[in-house]
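A.B. asks: After the structure tokens below, expect a handful of questions from me.
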Amino acid sequence: MYDRILLPTDGSDTADLAAERAIDMAARHDAGLHVLYVAERTRDEPTRKGFDEKITEELQTGEDVLESVVDRSTEVGVETEETVTSGVPRTTIEEYADDHDIGLIVIGSTGASDVSEKLLGTVSKYIVNEAPADVFIVRPDVLLSDAAE
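The sequence shown finishes on residue 170 if you use my numbering, and the numbering steps up by one all the way, no holes.
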């Protein structure tokens, strides 16, 4: 049904749960898994001191996050294509999906920066409305129920 699945990740707990779902779906559909980490760039950052250091650090974080997902994918025989880039996450994800003919995007409902998401709108909400592919949203309910026990 799906030949290419995209997992945008930011390394958050919800993104990790989304990774589990995406890997499982890719294995069941014999699909390739594209794993994307976007180091966020905002309008005011270019004028900030230390921007280069911050973006370099973010890109390294992305490499580490992707390595973890790739290791788990390899264990179950799922082929991956990894990309770490900088940009505006929601539009970068949308463009990546379009450029790579992605059939399904698996994304967490919340990310690492929940406060900014509440103020600016979630990346996942944007993706649901704008992405050129089906979207599977992973909610953190399992994480919340584990914490309550």
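Don't be surprised by glycine CBs; every beta carbon is placed ideally from N, CA and C.
(1) Quick one: what does DSSP say P110 is sitting in, helix, strand or coil?
(2) Round the Cβ separation of T127 and R42 to the nearest angstrom and send it over; I've been treating them as touching at under 8 Å.
(3) Grab the span of the beta strand (DSSP E) containing E151 for me, first residue to last.
(4) Can you give me the start and stop residues for the alpha helix (DSSP H) that I126 sits inside?
(5) Is any heavy atom of the ligand NAP found at a distance shorter than 7 Å from the C-beta of E41?
(6) In three-state terms, what does DSSP make of Y58?
(7) So, helix, strand or coil for R49, using DSSP?
(8) Counting C-beta neighbours from all protein chains within 10 Å, is the total for T95 16 or more, i.e. buried, or is it exposed?
(9) On the criterion of 16 or more Cβ atoms from any shown chain inside 10 Å, does G83 qualify as buried, or is it exposed?
(10) Tell me the DSSP secondary structure of R160 in three-state form.
(11) CA-CA distance, P161 and A39?
C.D. replies: Answer, in terms of the structure:
(1) Correct three-state label for P110: helix.
(2) Note on residue identity: the sequence assigns Val, not Thr, to residue 127. Confirmed, Cβ separation roughly 6 Å.
(3) It is not in any beta strand (DSSP E) - E151 instead sits in the alpha helix (DSSP H) that spans 144 to 151.
(4) First-last for I126: 125 to 129, but that is the beta strand (DSSP E), not the alpha helix (DSSP H).
(5) Absence of the ligand NAP from the depicted structure is noted, as is the absence of any ligand whatsoever, leaving it without description.
(6) In this structure, Y58 counts as strand in the three-state DSSP scheme.
(7) R49 falls in the helix class under three-state DSSP.
(8) When all chains shown are included, T95 counts as exposed.
(9) Looking at its Cβ environment, which holds 16 or more other Cβ atoms inside 10 Å, G83 is buried.
(10) Here R160 sits in coil by DSSP.
(11) Computed Cα separation, rounded: 9 Å.
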